[in-house]
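Just so you know, the sequences run in chain order G and S. Everything in the first sequence is counted per this note's numbering, starting at 18 for the first residue and increasing by one. Everything in the second sequence is counted per this note's numbering, starting at -7 for the first residue and increasing by one. Each residue gets a CB set at the ideal place from its N, CA and C atoms; glycine is no exception. Just so it is clear, the structure is predicted and the values come from calculations on it, not from any experiment. Report on the following structure.
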Amino acid sequence: MGLLTSLKDSITRVTDGLFASEEPKRIGIYGPPNAGKTTLANRIARDWTGDAVGPESHIPHETRRARRKEGVTIERDGKEVTIDIVDTPGVATKVDYEEFLEHDMEKEDAVRRSREATEGVAEAMHWLREDVDGVIYVLDSTDDPFTQVNTMLIGIIESQELPVLILANKIDKEESDIQRIANAFPQHETIPLSALEGQNMDEVYEKIAEYFS
Amino acid sequence: MPHECTTCGRQFDDGSKEMLSGCPNCGGNKFQFQPPGRSAEPEEPAGATDPDDSVTSSQPSTDSAPSTDTGPSTPDPTDTAPSTPDPTDSGPSTPDPTDTASTTESADPLSDPGTQGDLDLPDDTAHAAETAGDDTGGAVDADTPSAADADTARTESAEERYRDAEIDEFRDAEVADDTDAENSAQRDARSAAVSPEEIEDARKQVADTETEAAPDDGSRGRGTPQGPPAETPAGADPEEFDLSDTVGDDDPVEKQPVAGSAPEREEPVADDDADLSALREELNQQFESIKITAPGQYELNLMELYDRKEYIISLQEDGRYVIEMADDYGIDED
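Right, dumping it as structure tokens:
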């Protein structure tokens, strides 16, 4: 329960000023494919609006168009922050239809999915440049975070001076290694969670309020 | 004009940025990339038939050779005088006659540089040598009279192939001298030359030459048939005519119009893998943010994608691409 206690402490540290936002900030949920971005977006949306954002899947590149959920108001200790959540397609440097064939997909569908995913990445990059005020960067904590995509995206986000929250997702899995992610991006705070199981969502909401208000 | 709007058919120069915010005419955002060299109807490559021709033409002659020995019949005709030397010729100094033959056949002077000579040389040589060896015995090869017999037999096919008598005259002298030396050389060459792969390669090269030569205004036409025959064997140097290079490096040629303006045209790139990969390469050079490595396989240049302010281009496998204007970007909203 130490975690919860510290959560509460953190929450109480948050001042009124942090929550006093004028316009909803547009927060992009970014990360590599299959990191759990849509699962997170859905959990946030369900928790605060009752609706989902989009379908989740274990097949990579399920999200091939950016999806937005507007006006998600998150309340912490009587305070609230309103954000627009943008769930973006997973960013990759390579998209290969053969990857989808492993998931019992017909070749034709796999090729189409591949093309759509590629366009989705282009779109995600476009949004990163033009239209987001902050980033929630989701990583699968069972995977090696030292990848070209992660390094490049975090670099871009930093160069844009966007507030970024790094989430180490899938902590419900045994192979999860939160420290590896923390080590990869020591300049940022890493928040562990399981979007699927809802673990540690309190801290996530607290940090969202803190970072993006 | 390698780019064409698939909606209204308007064409754009290679590298033009005009259409990057949509077609100025109709606002369409779908385009077909049409590299100049490949827009031409892929002609039936002359080189593809040539080797076969020479094969069939010399093989029958093989059969008829013995028959001529016993009773001269077919080969005799009057034209033997001018063309008799030719067949002999076709044995030793093959490239010349075959080349002339192929040039006349293909009726496309630009496309016949040395490539065909390259191709035909070993082919013919092999057959000529076979002819001599099989019918008359190895020893006879060097024997001029018997060789002459075979020659007369071959005149039959020769008369079809060598319509250019003038060139033949040139070779008369050489032939006689070359015969002996050539025969042994031929035998050496026979084993190594004309593998099926080589024929295929040569065909491909010739086919490429065909499509490239037309728009290129003969720039590739060195070693043209007008050149002296003696030049041809030299021109047959495979390195000199390694056209795979030229295909890959070929810069788009402005003057080649996209034949017709049918927006749905895809065939130029559809059937040739080599063409397709060259096409992809050209596309990727221009729009390197997304690289198609194979249909359904992409490599993305994230920085390039990020840097693009107003537009993002999506490529499709068949050379088409879609330009998505910034305005088009919409987020699916609940």
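Rounded straight-line distance, which links the Cα of Gly71/G to that of Ile199/G: Locating residue 199/G in the first sequence gives position 182, where the first residue counts as 1. Locating residue 71/G in the first sequence gives position 54, where the first residue counts as 1. The question names Ile, but residue 199/G in the sequence shown is Ala. Their Cα atoms are separated by approximately 29 angstroms.
8 angstroms contact criterion, which Asp157/G and Ala52/G should meet: CB distance rounded: As a working note, residue 157/G is residue 140 in the first sequence. As a working note, residue 52/G is residue 35 in the first sequence. Indeed they touch by this definition, with Cβ atoms about 5 angstroms apart.
Below-8 angstroms beta-carbon distance, Leu173/G vs any chain S residue: Within the first sequence, the letter at position 156 stands for residue 173/G. Here residue 173/G is Ile; the residue named in the question, Leu, does not match the sequence. With 8 angstroms as the cut-off, Ile173/G counts as an interface residue toward chain S.
Beta carbon of Leu294/S nearer than 8 angstroms to that of Val103/G: Residue mapping note: residue 294/S aligns to position 302 of the second sequence, counting from 1. Residue mapping note: residue 103/G aligns to position 86 of the first sequence, counting from 1. No, the pair does not count as a contact, with Cβ atoms beyond the cut-off.
Collapsed DSSP secondary structure at Asp104/G in the structure displayed: One-based indexing of the first sequence puts residue 104/G at position 87. If DSSP states are grouped into helix, strand and coil, Asp104/G belongs with the strands.
Residue-chain proximity (Gln24/S, chain G), Cβ-Cβ < 8 angstroms: Residue numbering aside, residue 24/S sits at position 32 when the second sequence is read from its first letter. Closer than 8 angstroms: no.
Closer than 8 angstroms to chain S by CB, Ser131/G: Stepping through the first sequence from its first residue, residue 131/G is reached at position 114. Ser131/G counts as touching chain S.
From Ala139/G, Gly151/G, Gln165/G, Arg60/G, residue whose alpha carbon lies closest to that of Asn217/G: Taking the first sequence and counting its residues from 1, the one referred to as residue 217/G is at position 200. Checked all of Ala139/G, Gly151/G, Gln165/G, Arg60/G; the closest Cα to Asn217/G is Arg60/G.
Residue-chain proximity (Glu98/G, chain S), Cβ-Cβ < 8 angstroms: As a first step, residue 98/G must be located in the first sequence, where it is residue number 81. The sequence given here has Val at residue 98/G, not Glu. No, Val98/G lies away from the interface with chain S (no Cβ there is under 8 angstroms from its Cβ).
C-beta atoms of Ser193/G and Thr164/G nearer than 8 angstroms: Here residue 193/G refers to the residue found at position 176 of the first sequence. Here residue 164/G refers to the residue found at position 147 of the first sequence. Going by C-beta atoms, Ser193/G is not nearer than 8 angstroms to Thr164/G.
Given 8 angstroms, three or more beta-carbon pairs between the stretch 173 to 180 of chain G and the stretch 72 to 89 of chain G: no
Close-in-space but distant-in-sequence residues of the same chain around Lys187/G (CB under 7 angstroms, 5 per side omitted): Counting from one through the first sequence, the residue named residue 187/G turns up at place 170. So the qualifying residues of the chain are Gly53, Asp157, Ser158, Thr159, Ser193, Ser211.
Outcome for Val221/G when other beta-carbon atoms lying within 10 angstroms are tallied against a minimum of 16: Here residue 221/G is taken as the residue at index 204 of the first sequence, counted from 1. Per the 10 Å Cβ criterion, buried.
Sub-8 angstroms separation of Val89/G and Thr66/G beta-carbons: As a first step, residue 89/G must be located in the first sequence, where it is residue number 72. As a first step, residue 66/G must be located in the first sequence, where it is residue number 49. Cβ distance < 8 angstroms, so Val89/G and Thr66/G count as in contact.
Completely contained beta strand (DSSP E) runs for the stretch 137 to 211 of chain G, where each covers 3 or more residues: 151 to 157, 181 to 186, 207 to 209
Chain G within 8 angstroms of Gln289/S, Cβ atoms only: In the second sequence, residue 289/S corresponds to position 297, counting from 1. Yes, Gln289/S counts as interfacial toward chain G.
Partners in chain S for Ala201/G, counting only beta-carbon separations shorter than 7 angstroms: Position 184 of the first sequence, counted from the start, is the residue given in the question as residue 201/G. Near Ala201/G there are no residues of chain S at all, since even the closest Cβ is about 18 angstroms away, more than 7 angstroms.
Residues of the stretch 111 to 124 of chain G with Cβ closer than 7 angstroms to any Cβ of chain S, in chain order: Lys111, Val112, Asp113, Tyr114
Per DSSP, cross-strand counterpart(s) of Val112/G: The count along the first sequence starts at 1 and reaches residue 112/G at position 95. Tyr290/S, per the DSSP bridge assignment.
Closest Cα partner of Gln177/G within the set Val155/G, Asp126/G, Gly151/G: For the purposes of this step, residue 177/G is taken as the residue at position 160 of the first sequence. If we check each option's Cα against that of Gln177/G, Gly151/G comes out closest.
Limits of the alpha helix (DSSP H) - the one that Glu223/G falls within: Position 206 of the first sequence, counted from the start, is the residue given in the question as residue 223/G. Run containing Glu223/G: 218 to 229, per the alpha helix (DSSP H) assignment.
Contacts around Asp113/G, its chain only, beta-carbon distance under 8 angstroms, and the 5 residues preceding and following it disregarded: To locate residue 113/G, count along the first sequence from 1; it is residue 96. Ser131, listed in sequence order.
For Arg85/G, the three-state DSSP class (helix, strand or coil): Locating residue 85/G in the first sequence gives position 68, counting from the first residue. If DSSP states are grouped into helix, strand and coil, Arg85/G belongs with the strands.
Distance between Lys124/G and Thr168/G (C-alpha atoms, nearest Å): On the first sequence, residue 168/G is found 151 positions in, with the first residue counted as 1. On the first sequence, residue 124/G is found 107 positions in, with the first residue counted as 1. Cα to Cα, the separation comes out at about 32 angstroms.
Expected contact under 8 angstroms - CB spacing of Leu184/G and Tyr154/G to nearest Å: On the first sequence, residue 184/G is found 167 positions in, with the first residue counted as 1. On the first sequence, residue 154/G is found 137 positions in, with the first residue counted as 1. Right, the Cβ-Cβ distance comes to about 7 angstroms (below 8 angstroms), so this counts as a contact.
Residue environment, Gly20/S, which counts as buried when at least 16 other CB atoms sit within 10 Å: Here residue 20/S refers to the residue found at position 28 of the second sequence. With 16 or more other Cβ atoms within 10 Å, it is buried.
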